[in-house]
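Reading through the structure tokens given below for one structure.
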Amino acid sequence: MIQIKLHNTKTRRREPFAPADPAHVKLYVCGPTVYDRAHLGNARTVVVFDTLVRLLRHLFPRVTYVRNITDIDDKINARAAETGEPIGEITARTTSWFHNDMAALYCTPPDIEPRATGHIGDIIALIERLIARGHAYAAEGHVLFAVATDAQYGKFSGRSPEELLAGARVDVATYKRDPGDFVLWKPSPPDLPGWDSPWGSGRPGWHIECSAMIHATLGETIDIHGGGADLIFPHHENEIAQSCCAFPGSELARVWVHAGMLQVNGQKMSKSLGNFRTVQDVLGEAPGEAVRFLLLKTQYRGVLDFSTAALAEAKRELDRFYRALEKHADPAPAATPPAAFIEALADDLNTPGAIAELHALADAAMQGNAASAASLRAAGELIGIFNQTAGQWFRGDVADDARIDALIAERLAARRNKDFARADAIRAELAAAGILLEDGPGGTIWRRA
Ligand code: AMP
Ligand code: ZN
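Numbering (my numbering), first residue to last: 1 to 449.
Spelled out as structure tokens, the structure:
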């Protein structure tokens, strides 16, 4: 069997990957905070882990992929205060946008998608456990994690105690014993979402949500924990502190995988810098497959600079692959992708190396080798490209089923949110592409006109 190697942030080394139970790989990835549309940077992380999951599923009999939805957060509350829209509507709509956008990039849904609001009981129980073990304290309606009680704190992200102190905010809240202590629970005024707790009506901090959801869905020690590299500190450092102090002897995750940042003109793409392009917006410019392919052309740990020119180039490369498939009348995929392709992916998800194999297969197919065309299709499908026939690709129909289903789901969500203008716009967009919708008691079905 091919051996996967992954760079483990915890050991700062590339290591052979061996799940605790070879029959069942357990993986958790930090998901979105749902208050706004996903941008391409968010999408990069999702596409990277979707590709890792596809590889794991190819090599292991069972994989459980958990990705959460953070639907309690100050940013969500701030958005509701700004727009006057109820929080539940903001989070429901943003979650359905996220699902549709990721489906349009051919990301398979996680097996379990816990929402923070669905795990308040688990979060409170975890906080009580930390208090009972002397790692957390209640003060003025807040509960804080006492970093001084965890000798390991800072090791994961490689921060020294001085650096940790320097990082803590200047005007330290009076209820903190140590400036580095972080919030597990905070009080909620009546106008904000709050839940009854032993510390009064309040809401959880962000970090404890993930620790509780991991424990509830996968247990004490999982195989792989993933997220963007910007989450290493403080989010993942804090997740480790909480989980390992609550469950001594556990590790939280044996391997930590972090995706590099997507940049624009040398700067991280982010909401706060305003330099972001939403997935939805970019999908108006190129097919989902081209966006996905662009995100995979750079190895996941590297910095990826997004540009319209790079997106157009990714689309041209896919054109070339589809021409090679077309030459062989769109062959069925080979039973399994070539070993060299899998080996490249297994080598710390070396997608550029794997894509070089695709080019070699396309060359051979163009020179008449039918087996190479079948291998090309099998290899591409493994990383989530070739979701359509060459004919569909070159016609540029909206056209592939996943995109249609995504738009229908978005239309449904829009109608639920009484955004009838958006719902009608989606119906019109699909009609223009020759897709007719029929609403019935069992939901919406579609057919080609
Ligand atoms: P957020 O909704 O901001 O909590 O981010 C959700 C996920 O997107 C996290 O895993 C982040 O690490 C990731 N992320 C945010 N910005 C970028 C970026 N520019 N490049 C790659 N990943 C990002
Ligand atoms: Zn998390």
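All C-beta atoms, glycine included, are put in the ideal place defined by N, C-alpha and C.
Open item on the list: I'd like the ranges of any beta strand (DSSP E) spanning at least 3 consecutive residues and lying wholly in the stretch 131 to 179.
Closed with: The stretch 131 to 179 contains these whole beta strand (DSSP E) runs: 136 to 139, 142 to 145.
- [ ] Spell out a yes or no on whether the stretch 121 to 129 and the stretch 190 to 209 are touching, meaning 3 or more CB-CB pairs, one atom from each, closer than 8 angstroms.
- [x] A contact exists between the stretch 121 to 129 and the stretch 190 to 209.
- [ ] Could you give the DSSP three-state label for Y106: helix, strand or coil?
- [x] Coil, per DSSP.
TODO: Could you say if the stretch 286 to 298 and the stretch 322 to 341 meet the contact criterion of at least three C-beta pairs nearer than 8 angstroms?
DONE: The stretch 286 to 298, when compared against the stretch 322 to 341, does not touch it at the 8 angstroms Cβ threshold.
Task: Distance CB(L382)-CB(R54) smaller than 8 angstroms - done: Contact: yes.
- [ ] Starting from F182, follow its DSSP beta bridges and name the residues at the other end.
- [x] F182 is bridged to F145.
Open item on the list: Closest to I120 by C-alpha separation, out of A132, A92, D71, would be which residue?
Closed with: Cα-wise, what sits closest to I120 is D71.
TODO: State buried or exposed for V172, treating a residue as buried only when at least 16 other CB atoms are found within 10 Å of its CB.
DONE: Flag for V172 reads exposed.
Open item on the list: Let me check one thing: in DSSP terms, what residues is N8 bridge-paired to?
Closed with: Answer is R13.
Open item on the list: Just checking G368 against the ligand AMP - is the residue's beta carbon closer than 7 angstroms to any of the ligand's heavy atoms?
Closed with: Outside the cutoff, so no.
Task: Any non-hydrogen atom of the ligand AMP within 7 angstroms of N238 CB - done: Flag unset: Cβ of N238 not near the ligand AMP.
TODO: Report buried or exposed for H215, applying the criterion of at least 16 other Cβ atoms within 10 angstroms of its Cβ.
DONE: Counting other Cβ atoms within 10 Å of its Cβ, H215 reaches 16 or more and is therefore classed as buried.
- [ ] Please state whether DSSP places W199 in a helix, a strand or coil.
- [x] The DSSP-derived three-state label of W199 is coil.
Task: Neighbourhood of E140 by C-beta, 6 angstroms cutoff - its chain only, sequence neighbours within 5 removed - done: The residues are Y175.
TODO: Please confirm whether A390 and E326 have their CB atoms less than 8 angstroms apart.
DONE: The answer is yes: Cβ separation under 8 angstroms.
TODO: Flag C30 as yes when its Cβ comes closer than 7 angstroms to any non-hydrogen atom of the ligand AMP, and as no otherwise.
DONE: Yes; taking the cut-off as 7 angstroms, the Cβ of C30 has a heavy atom of the ligand AMP nearer than that.
Task: Straight-line gap, E15 to L6 (C-alpha atoms, nearest Å) - done: Roughly 5 angstroms separates the two Cα atoms.
Open item on the list: The alpha helix (DSSP H) that contains Q242, what's its start and end?
Closed with: That run of the alpha helix (DSSP H) goes 237 to 246.
TODO: Run the CB neighbour count on K418, radius 10 Å, all protein chains shown included, and call it buried at 16 or more, exposed below.
DONE: Flag for K418 reads exposed.
Task: P179 versus A103: straight-line alpha-carbon distance, rounded - done: Looking at the two C-alpha atoms, the distance is approximately 42 angstroms.
Open item on the list: Could you check whether A253 and I232 sit closer than 8 angstroms to each other, using their CB atoms as the reference points?
Closed with: One thing to note: I232 has its Cβ no nearer than 8 angstroms to the Cβ of A253.
Open item on the list: Using only CA atoms, which one of F306, D21, P109 lies nearest to P61?
Closed with: Per the C-alpha coordinates, the member of F306, D21, P109 positioned closest to P61 is D21.
TODO: Return the chain-ordered ranges of every beta strand (DSSP E) run that is complete within the stretch 377 to 420 and spans a minimum of 3 residues.
DONE: As for any beta strand (DSSP E) of minimum length 3 sitting wholly inside the stretch 377 to 420, there is none.
- [ ] Note down, in chain order, each residue of its chain lying with its Cβ closer than 8 angstroms to the Cβ of C244, except the 5 sequence neighbours on either side.
- [x] Only D150, Q152, S250, E251, L252 meet the Cβ criterion.
Task: Alpha-carbon spacing of E357 relative to A365, whole angstroms - done: Near 12 angstroms, if we compare the C-alpha coordinates of A365 and E357.
Task: Minimum length 4: unbroken alpha helix (DSSP H) runs contained in the stretch 27 to 101 - done: Taking only runs of at least 4 residues, the alpha helix (DSSP H) segments lying wholly in the stretch 27 to 101 are 40 to 59, 74 to 83.
TODO: Please report the residue range of the beta strand (DSSP E) in which I224 lies.
DONE: Looking at the DSSP string, the run of the beta strand (DSSP E) that includes I224 is 221 to 228.
Task: Boundaries of the alpha helix (DSSP H) in which E357 is found, first to last residue - done: That run of the alpha helix (DSSP H) goes 351 to 366.
Open item on the list: The alpha helix (DSSP H) that contains D439, what's its start and end?
Closed with: Here D439 belongs to no alpha helix (DSSP H); instead the beta strand (DSSP E) covers 435 to 440.
TODO: Taking 8 angstroms as the threshold, find out whether the stretch 265 to 283 comes into contact with the stretch 41 to 52 through three or more Cβ pairs.
DONE: Yes, the stretch 265 to 283 is in contact with the stretch 41 to 52.
TODO: Please classify V303: is it buried, with 16 or more other beta-carbons within 10 angstroms of its beta-carbon, or exposed?
DONE: V303 comes out exposed.
Task: Reference G219, options Y28, L407, H135, closest by Cα - done: Out of Y28, L407, H135, the CA that lies nearest to the CA of G219 is found in Y28.
- [ ] Give me the Cβ distance between A38 and D101, rounded to the nearest whole Å; I'm assuming they're in contact under 8 angstroms.
- [x] Contact holds; Cβ gap of about 5 angstroms.
- [ ] Would you give the residue range spanned by the beta strand (DSSP E) that L252 belongs to?
- [x] Counting along the chain, L252 sits inside the beta strand (DSSP E) bounded by residues 252 to 259.
Task: Assigned exposure category for M261 - 16 Cβ within 10 Å defines buried - done: So M261 ends up on the buried side.
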